[in-house]
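Peer 1: Mind having a look at this structure? Questions to follow.
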Amino acid sequence: MNRNRLWLLLVLLLAAFLRLWQLDNFPPGLYHDEAYNGLDALSMVQGKTFPQFYEGWELYAQDAYGQNPPEPTRWPTFFEGNYGREPLHIYLMAVSIWLFGPTPFAIRLIPALSGVLAVLLTYFAAKELFGVGVQKNGDQSPISNLQSHIPLLAAFFLAILVPAIHFSRFGLRMMVFVPVEMLTVIFFWRGYNLSQVTVSPGHRVTLSFLLAGFFLGLGIYIYAAARLFPLLFMLFVLFWAWRDWASLHRNLLNVGGMTAVSLLTALPILLFFWRYPYFFVFRIAYVANRGLGTVEDRPLLTWLLNVGRVVRGLYWQGETHLRHNSPGRPYLDPIQAVLFTLGLVHALRQKLNPRTVFLLLWLLVMLLPTIMSGDAPHFGRMTGAAGVVAIVAAVGGVWFFSVIGERLSVIGNRLSVKSKLITAYRLPITVYGLLLLASFTFTLRDYFVRYASHPQLAADFYLPDWQLGQFAAAQPEGTAVYLTPTQEEMATIYFALADPEGLQSFSGTGELVPAGISGQDSLYLVRPQNGASWQRLTSFFTDYELDQSLAGAWVLHVPNSAAQAVEAAVVEETAVTFADKIMLLGWSVQSNSNQVKVTLAWQALAEMPLAYTAYVHLLNGDGEIVAQLDRQPEGFPTSDWRPGEVVVDMYTVDLPDDRSSGPFRLHTGFYDLATLAGLGDTAVLTESFTP
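Each residue of the sequence shown is one higher than the one before, starting from 215 at the first, in my numbering.
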């Protein structure tokens, strides 16, 4: 193994350590978006058909589908939930979950391995871009002496770049794009380099361009920002035509083949977007119009202002979102920032060199996703720029090394031969090595010490929800698990359960109590801020166990909860059914001169896609409604009821002052509010009721 390969291996081992060490518990917990990706991947492992939705995202999908719903499939081209996500990273996560089970480690392993692979491929991308080891015809290298060190230095900078490390440890899709991005650059420049040699192996040139096209199209399946990546090659080909038409003319078929292969590769997802353009623009419109930097109805001004925000984000005022960054830390540490600036300056001094023009265009295009965001600088949307930032910093580092080497060699000429060797060779390497070590030290301090110890990190990564879900998952099989109050984001808890159907939530704001299935126990997880619901449950049930040791919720375990609920709620037993979907098990009534309180115990007989409205009507002898209350079961709609589940709710009907003395009839039932169509017949509770 030569020295360069040994150094590359050490860099890769460093990158792997920084991305894989304690991956299962740092960051702590499992953030909602990671868990949502995991749920889709888990559904693939479980053999479910798609689309699958959680947390009500099917409402958004209905807007997109209109009258053209998709056919169920095991192999989706696009995952519609959670603002819509490209499929490749979820397919890879499915493999990881199949191997390692539904854990944060399995979700984060894919971006972590992608981050390590990105370091390796950045080395080869820089090597091809700068033509290292390629004999060229009239194509001047941007750096004449030390350019062979750029690839290794670029790999090192990407290995220790804090945002690249963080998004490699975060179960999202942006880091999965970077290796594909690098492969596109590698094969494009391999084809370009081979086309410049005196004796060009034509089949290798063509194959390289075709592979570049394949990976260019593949990127569309990974991340929305990849839709901008083809712009880089469009701009460069225009420059190529202007700068060296003869060379481009010889490669027109190759460039055309690259374009055709990229379109053919991306065709399935492009056809999906053609059929459902809503999903193409929904996420883009969402991120472009949200954030503190958004100027309402003036996107061009927003983007112009974002240029300054992105520049500040690179150097001294980074993103403040804790899930993406240690608040305020710039994208680059001080040493990286200096070398990155030197690299930019050196690239600009090369004027019209194709390689540095490509490098600068690459940087610009990959910064567009964050420039076009409403909340710039957004370090996640800068992930596509991580590799090119590392290469630019490496260019600056090599230039800096050459400059200090020349300066110190002048000093060495004035010293003895022994001292000259020490000064002219070892001293520059020592100084440079210390700078790189200092940059690595910044990484360890800023990410693994300061960021890891931030007091809000666990909450931002939903650690309480993850622990709550794990607690629920540890319950005996058959236990009905309920959470109150309802919350908008449930994916972390669902994934911890490995089953979105394994937990039900209800608002807890009223009198409703879901009581599980007959013969089974129920577990109630009550958020500490919902004291009224806790009091309601503990006063409703008579036999239960309390546990307040869980950080995120108080725990109430109720044995045989359905039987207890019916016993507590029912005075008059019935067996009335509503269209064979709901059975009324029984009821009880309390009244005074102003109100009638009717407690109803229902049992679901089948799944119900509709959220039906229940009613309690008080009718006089002529069949006229004297008083009524029509509403859905409070905080727990019928669309959430599972077959066999018992639900108890109280309907408090206000009585008018001018009513007759009675007696009255008491009726109840269900109907669809949208159509007013009744669910079966009305149930008559009593023909003779006097408040």
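Think of the CB as a built atom: it goes at the ideal place given N, C-alpha and C, for glycine as much as any other residue. Only a predicted model underlies this, so the values are computations on that prediction, with no experimental measurement involved.
Do Thr882 and Leu814 have their C-beta atoms within less than 8 Å of each other?
Peer 2: In the sequence shown, residue 882 corresponds to position 668, counting from 1. In the sequence shown, residue 814 corresponds to position 600, counting from 1. Yes. Within cutoff.
Peer 1: Could you check the C-alpha separation between Pro377 and Gly601 for me, to the nearest Å?
Peer 2: If you number the sequence shown from 1, residue 377 lands on position 163. If you number the sequence shown from 1, residue 601 lands on position 387. If I take the Cα positions, the gap works out to 11 Å.
Peer 1: Thr473 and Phe428 - do their beta-carbons sit closer together than 8 Å?
Peer 2: The sequence position of residue 428 within the sequence shown is 214, counting from 1. The sequence position of residue 473 within the sequence shown is 259, counting from 1. For Phe428 and Thr473, no; Cβs fall outside 8 Å.
Peer 1: Mind reading off the beta-carbon distance from Val685 to Leu764? Whole number of angstroms is fine, and I expect it under 8 Å.
Peer 2: Residue numbering aside, residue 685 sits at position 471 when the sequence shown is read from its first letter. Residue numbering aside, residue 764 sits at position 550 when the sequence shown is read from its first letter. The amino acid at residue 685 is misidentified as Val; the sequence shows Phe. With 8 Å as the limit, Phe685 and Leu764 qualify as a contact, their Cβ atoms being about 6 Å apart.
Peer 1: Suppose the cutoff is 8 Å on Cβ atoms and the five residues either side in sequence are ignored; what does the same chain contact list for Pro870 look like?
Peer 2: As a first step, residue 870 is located in the sequence shown; it is residue number 656 there, counting from the start. Closer than 8 Å at the Cβ level, and outside the excluded window around Pro870, lie Val840, Ala841.
Peer 1: What is the rounded straight-line gap between the Cα of Gly876 and the Cα of Asn808?
Peer 2: If you number the sequence shown from 1, residue 876 lands on position 662. If you number the sequence shown from 1, residue 808 lands on position 594. So the alpha carbons of these two residues sit roughly 14 Å apart.
Peer 1: Please report the Cβ distance between Leu649 and Ile549, rounded to the nearest whole angstrom; I am assuming they are in contact, meaning their Cβ atoms lie under 8 Å.
Peer 2: Residue numbering aside, residue 649 sits at position 435 when the sequence shown is read from its first letter. Residue numbering aside, residue 549 sits at position 335 when the sequence shown is read from its first letter. Yes, they are in contact, since the Cβ atoms of Leu649 and Ile549 sit about 5 Å apart, within 8 Å.
Peer 1: Once you ignore the five residues that flank Leu222 on each side, which residues in its own chain have a CB closer than 7 Å to its CB?
Peer 2: For the purposes of this step, residue 222 is taken as residue 8 along the sequence shown, with counting starting at 1. Around Leu222: Tyr337, Leu366, Ala369.
Peer 1: With DSSP as the reference, label Leu234 as helix, strand or coil.
Peer 2: For this step, residue 234 is matched to residue 20 along the sequence shown. Helix at Leu234.
Peer 1: Is Met797 helix, strand or coil when you go by DSSP?
Peer 2: Here residue 797 refers to the residue found at position 583 when the sequence shown is read from its first residue. Strand.
Peer 1: Have a look at Phe903 and Glu691 and give me their C-alpha separation to the nearest angstrom.
Peer 2: Here residue 903 refers to the residue found at position 689 of the sequence shown. Here residue 691 refers to the residue found at position 477 of the sequence shown. Looking at the two C-alpha atoms, the distance is approximately 44 Å.
Peer 1: Put Lys811 into one of helix, strand or coil per three-state DSSP.
Peer 2: The residue you call residue 811 lines up with position 597 of the sequence shown. Lys811: strand per DSSP, three-state reduction.
Peer 1: Excluding the 5 residues flanking Asn218 on each side, which residues of the same chain have their C-beta closer than 7 Å to its C-beta?
Peer 2: For the purposes of this step, residue 218 is taken as the residue at position 4 of the sequence shown. If we look at Asn218 and ignore the five residues flanking it on each side, its Cβ neighbours are Leu366.
Peer 1: Where does Pro742 land, buried or exposed, given buried means 16+ other C-beta within 10 angstroms?
Peer 2: For the purposes of this step, residue 742 is taken as residue 528 along the sequence shown, with counting starting at 1. Exposed, by the Cβ-count rule.
Peer 1: Please list, in chain order, all residues of the same chain as Gln778 whose beta carbon is under 6 Å from its beta carbon, the five residues on each side excluded.
Peer 2: Residue mapping note: residue 778 aligns to position 564 of the sequence shown, counting from 1. These residues qualify, in order along the chain: Phe755.
Peer 1: What residue does the alpha helix (DSSP H) around Gln749 start on, and which one ends it?
Peer 2: Counting from one through the sequence shown, the residue named residue 749 turns up at place 535. Here the alpha helix (DSSP H) through Gln749 covers 745-754.
Peer 1: Roughly how many angstroms separate the alpha carbons of Gly892 and Phe293, rounded to a whole number?
Peer 2: The residue labelled residue 892 in the question sits at position 678 within the sequence shown. The residue labelled residue 293 in the question sits at position 79 within the sequence shown. Cα-Cα distance, rounded: 36 Å.
Peer 1: Could you pull the start and end residues of the beta strand (DSSP E) that Ala789 belongs to?
Peer 2: Looking up residue 789 in the sequence shown gives position 575. First-last of the beta strand (DSSP E) with Ala789: 786-792.
Peer 1: Can you list, in chain order, the residues of its chain whose CB lies under 6 Å from that of Asp353, leaving out five sequence neighbours each side?
Peer 2: Against the sequence shown, residue 353 aligns to sequence position 139. Below a pLDDT of 50, predicted positions are generally treated as unreliable, and Asp353, at 45, falls in that range; no measurement from the model is reported.
Peer 1: Tell me the rounded alpha-carbon separation between Leu515 and Pro316.
Peer 2: Here residue 515 is taken as the residue at index 301 of the sequence shown, counted from 1. Here residue 316 is taken as the residue at index 102 of the sequence shown, counted from 1. Answer to the nearest angstrom: the Cα atoms are 44 Å apart.
Peer 1: For the beta strand (DSSP E) that Asp679 lies in, which residues bound it at each end?
Peer 2: Taking the first residue of the sequence shown as 1, we reach residue 679 at position 465. That residue, Asp679, is in no beta strand (DSSP E); its alpha helix (DSSP H) goes 677-687.
Peer 1: Taking Leu343 as the reference, give the member of Tyr665, Val571, Leu372 with the closest Cα.
Peer 2: If you number the sequence shown from 1, residue 343 lands on position 129. Of the listed residues, the one whose Cα sits closest to Leu343 is Val571.
Peer 1: Tell me Thr827's beta-bridge partners as DSSP assigns them.
Peer 2: Stepping through the sequence shown from its first residue, residue 827 is reached at position 613. According to DSSP, which records beta bridges pairwise, Thr827 is partnered with Tyr885.
Peer 1: To the nearest whole angstrom, what separates the beta carbons of Pro325 and Met389, a pair I think is in contact under 8 Å?
Peer 2: Taking the first residue of the sequence shown as 1, we reach residue 325 at position 111. Taking the first residue of the sequence shown as 1, we reach residue 389 at position 175. With a Cβ gap of about 4 Å, Pro325 and Met389 count as contacting.
Peer 1: Consult DSSP for Leu880 and reduce its assignment to one of helix, strand or coil.
Peer 2: For the purposes of this step, residue 880 is taken as the residue at position 666 of the sequence shown. If DSSP states are grouped into helix, strand and coil, Leu880 belongs with the strands.
Peer 1: Leaving out the 5 sequence neighbours to the left and right, which residues in its chain are closer than 8 Å to Asn216 when beta-carbon positions are compared?
Peer 2: Position 2 of the sequence shown, counted from the start, is the residue given in the question as residue 216. Answer for Asn216: no residue qualifies.
Peer 1: By the three-class DSSP mapping on this structure, what secondary structure does Val509 have?
Peer 2: Within the sequence shown, residue 509 is the residue found at index 295, counting from 1. DSSP places Val509 in coil when its eight states are reduced to three.
Peer 1: Straight-line CA distance for Gln718 to Ile707?
Peer 2: Start at 1 with the first residue of the sequence shown, and residue 718 comes out as number 504. Start at 1 with the first residue of the sequence shown, and residue 707 comes out as number 493. Each residue's alpha carbon lies about 11 Å from the other.
Peer 1: Work out the CA separation of Val861 and Thr900 for me, nearest whole Å.
Peer 2: Reading the sequence shown from its first residue, position 686 is the one you call residue 900. Reading the sequence shown from its first residue, position 647 is the one you call residue 861. Approximately 21 Å between the Cα atoms of the pair.
Peer 1: Please state the DSSP three-state secondary structure of Ile731.
Peer 2: Position 517 of the sequence shown holds residue 731. Note: Ile731 maps to strand in three-state DSSP.
Peer 1: May I have the straight-line CA-CA distance separating Leu485 from Leu578, to the nearest angstrom?
Peer 2: Along the sequence shown, one-based indexing puts residue 485 at 271. Along the sequence shown, one-based indexing puts residue 578 at 364. Straight-line Cα distance between these residues: approximately 28 Å.
Peer 1: Taking the CB atoms as reference points, tell me whether Phe878 and Leu833 lie closer together than 8 Å.
Peer 2: Working through the sequence shown from its first residue, we reach residue 878 at position 664. Working through the sequence shown from its first residue, we reach residue 833 at position 619. It is a contact, given that the beta carbons lie within the stated cut-off.
Peer 1: Whole angstroms is fine: what's the gap from Lys632's alpha carbon to Arg569's?
Peer 2: Here residue 632 is taken as the residue at index 418 of the sequence shown, counted from 1. Here residue 569 is taken as the residue at index 355 of the sequence shown, counted from 1. Per-residue confidence for Lys632 stands at a pLDDT of 49, beneath the threshold of 50, marking its modelled position as unreliable; the derived number appears in the next sentence. Cα-Cα distance, rounded: 40 Å.
Peer 1: Helix, strand or coil: which one does DSSP assign to Gly892?
Peer 2: Stepping through the sequence shown from its first residue, residue 892 is reached at position 678. It is a strand residue.
Peer 1: If distances are taken between C-alpha atoms only, which option among Arg659, Ser667, Ser616, Pro541 comes closest to Ile643?
Peer 2: Position 429 of the sequence shown holds residue 643. Residue Ser616 is the option with its Cα nearest to Ile643.
Peer 1: Mind pulling the alpha helix (DSSP H) runs of 4 or more residues that sit fully within the stretch 321-401?
Peer 2: Segments of the alpha helix (DSSP H) lying fully in the stretch 321-401: 364-374, 376-382.
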